[in-house]
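Inspection log for the structure reproduced underneath, given as structure tokens.
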Amino acid sequence: RKEVEQDPGPFNVPEGATVAFNCTYSNSASQSFFWYRQDCRKEPKLLMSVYSSGNEDGRFTAQLNRASQYISLLIRDSKLSDSATYLCVVNIGGTSYGKLTFGQGTILTVHP
Amino acid sequence: EPEVTQTPSHQVTQMGQEVILRCVPISNHLYFYWYRQILGQKVEFLVSFYNNEISEKSEIFDDQFSVERPDGSNFTLKIRSTKLEDSAMYFCASSDRFYGYTFGSGTRLTVV
Numbered sequence: 173r174k175e176v177e178q179d180p181g182p183f184n185v186p187e188g189a190t191v192a193f194n195c196t197y198s199n200s201a202s203q204s205f206f207w208y209r210q211d212c213r214k215e216p217k218l219l220m221s222v223y224s225s226g227n228e229d230g231r232f233t234a235q236l237n238r239a240s241q242y243i244s245l246l247i248r249d250s251k252l253s254d255s256a257t258y259l260c261v262v263n264i265g266g267t268s269y270g271k272l273t274f275g276q277g278t279i280l281t282v283h284p
Numbered sequence: 471e472p473e474v475t476q477t478p479s480h481q482v483t484q485m486g487q488e489v490i491l492r493c494v495p496i497s498n499h500l501y502f503y504w505y506r507q508i509l510g511q512k513v514e515f516l517v518s519f520y521n522n523e524i525s526e527k528s529e530i531f532d533d534q535f536s537v538e539r540p541d542g543s544n545f546t547l548k549i550r551s552t553k554l555e556d557s558a559m560y561f562c563a564s565s566d567r568f569y570g571y572t573f574g575s576g577t578r579l580t581v582v
């Protein structure tokens, strides 16, 4: 089983749509969870951390289910600028300086 | 906003040659990393570095690779005797204990 698994998509949605991405991780000892965004041929950039209680940042909502080892990201009111690859990322050690394990990414294209 | 700086942005080298990829981490960060991403694949951890020594490395990071912090500001990745399969984007990152990772914009290495 892959350490971090995501549906690669691509997801092709119109502006204004709501889209959800899912991710599962295999190591139950994982402590910290993140969603990163990666534009074509650019570096990964932190979108948001994911907490057990769920957290929201504007149009973005992240959820974590430790029992199911499942992470989700919901994007509401999609914008053209949301087009990117969304990376599910896990840090087993849980420190802010530990090794990150990346999923393969989910490609999102938002069209007019 | 502080940045991680990588040079060069693109390097082309002949198979069998040695390359050195350079990075300037954020000045007050103590933890340094190299990741790579082969085209179309996920971001993979190579090595982490703290207190002037390797703290963790992946199975990818074999004897062909080495890292060094030659002075107070630079962090380098050396690849000896490059192979075609070393062609990838190489991302440097740095972090501190509190605020997590910052990635550089990457060096695209092409081995011909």
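For the protein sequence lines, the chains are A and B, in the order given.
Going by the working numbering, the letters in the first sequence line up with residues 173 to 284, in that order.
Going by the working numbering, the letters in the second sequence line up with residues 471 to 582, in that order.
Glycine included, every Cβ here is placed at the ideal spot set by N, Cα and C.
None of these values were measured; they are calculated from a predicted model.
Requested in this report: Measure from the C-beta of residue 226 of chain A to each C-beta in chain B and report whether the shortest distance is under 9 Å.
Outcome: Counting from one through the first sequence, the residue named residue 226 of chain A turns up at place 54. Answer no: the Cβ-Cβ gap between residue 226 of chain A and chain B never drops below 9 Å.
**Report entry** Bridge partners - residue 512 of chain B, DSSP secondary structure assignment
**Finding:** Mapped onto the second sequence, residue 512 of chain B falls at position 42. Answer is none; residue 512 of chain B lacks a bridge partner.
Query raised in the report: Quick one, are the C-beta atoms of residue 207 of chain A and residue 239 of chain A less than 9 Å apart?
Result: Taking the first sequence and counting its residues from 1, one reaches residue 207 of chain A at position 35. Taking the first sequence and counting its residues from 1, one reaches residue 239 of chain A at position 67. No, the Cβ-Cβ distance between residue 207 of chain A and residue 239 of chain A is not below 9 Å.
Query raised in the report: When you compare only the Cα positions, how much space is there between residue 535 of chain B and residue 488 of chain B?
Result: Within the second sequence, numbered from 1, the residue matching residue 535 of chain B stands at position 65. Within the second sequence, numbered from 1, the residue matching residue 488 of chain B stands at position 18. So the two alpha carbons sit approximately 10 Å from each other.
**Report entry** Own chain partners of residue 257 of chain A with C-beta closer than 6 Å, once the 5 adjacent residues on each side are dropped
**Finding:** Numbered from its first residue, the first sequence carries residue 257 of chain A at position 85. If we look at residue 257 of chain A and ignore the five residues flanking it on each side, its Cβ neighbours are 210, 277 and 279.
**Report entry** Spatially closest choice to residue 184 of chain A from A/232, A/252, A/263 and A/214, by CA coordinates
**Finding:** Counting from 1 along the first sequence, the entry for residue 184 of chain A is found at position 12. When each option's Cα is compared against that of residue 184 of chain A, the closest is A/252.
Report task. Just mark residue 269 of chain A as buried or exposed, buried being the case when its beta carbon has 16 or more other beta carbons within 10 Å. Result -> As a working note, residue 269 of chain A is residue 97 in the first sequence. So residue 269 of chain A counts as buried.
Query raised in the report: Cα separation between residue 499 of chain B and residue 543 of chain B?
Result: Reading the second sequence from its first residue, position 29 is the one you call residue 499 of chain B. Reading the second sequence from its first residue, position 73 is the one you call residue 543 of chain B. One C-alpha to the other measures close to 10 Å.
Requested in this report: Check whether the region 567 to 574 of chain B touches the region 523 to 533 of chain B, taking contact to mean three or more Cβ pairs, one atom from each stretch, closer than 8 Å.
Outcome: no
Report task. Mind listing the chain B neighbours of residue 274 of chain A? Cutoff is C-beta to C-beta under 9 Å, in chain order. Result -> Against the first sequence, residue 274 of chain A aligns to sequence position 102. Those are 505, 507, 512, 513, 514 and 515, listed as they occur along chain B.
Query raised in the report: Is the shortest distance between the beta-carbon of residue 561 of chain B and the beta-carbons of chain C less than 9 Å?
Result: No chain C appears in this structure, whose protein chains are A and B.
Query raised in the report: Among B/480, B/562 and B/566, which one has its Cα closest to the Cα of residue 514 of chain B?
Result: Residue mapping note: residue 514 of chain B aligns to position 44 of the second sequence, counting from 1. It is B/562.
**Report entry** Per-residue contacts from residue 277 of chain A into chain B (C-beta, under 7 Å)
**Finding:** Here residue 277 of chain A corresponds to residue number 105 of the first sequence, with the count starting at 1. Near residue 277 of chain A (Cβ distances below 7 Å), the residues of chain B are 512.
Query raised in the report: Going by DSSP, what residues sit across from residue 251 of chain A in a beta bridge?
Result: If you number the first sequence from 1, residue 251 of chain A lands on position 79. None, per the DSSP bridge assignment.
Requested in this report: List the endpoints of the continuous beta strand (DSSP E) containing residue 559 of chain B.
Outcome: Here residue 559 of chain B corresponds to residue number 89 of the second sequence, with the count starting at 1. Element bounds for residue 559 of chain B: 558 to 566.
Report task. Look at residue 490 of chain B and residue 546 of chain B and say whether their C-beta atoms are less than 9 Å apart. Result -> In the second sequence, counting from the first residue as 1, residue 490 of chain B sits at position 20. In the second sequence, counting from the first residue as 1, residue 546 of chain B sits at position 76. Yes, the Cβ-Cβ distance between residue 490 of chain B and residue 546 of chain B is below 9 Å.
Report task. Quick one: grab the DSSP three-state call for residue 555 of chain B. Result -> Within the second sequence, numbered from 1, the residue matching residue 555 of chain B stands at position 85. Here residue 555 of chain B sits in helix by DSSP.
Query raised in the report: With 16 as the cutoff for other CB atoms within 10 Å, does residue 537 of chain B come out buried or exposed?
Result: Against the second sequence, residue 537 of chain B aligns to sequence position 67. Flag for residue 537 of chain B reads buried.
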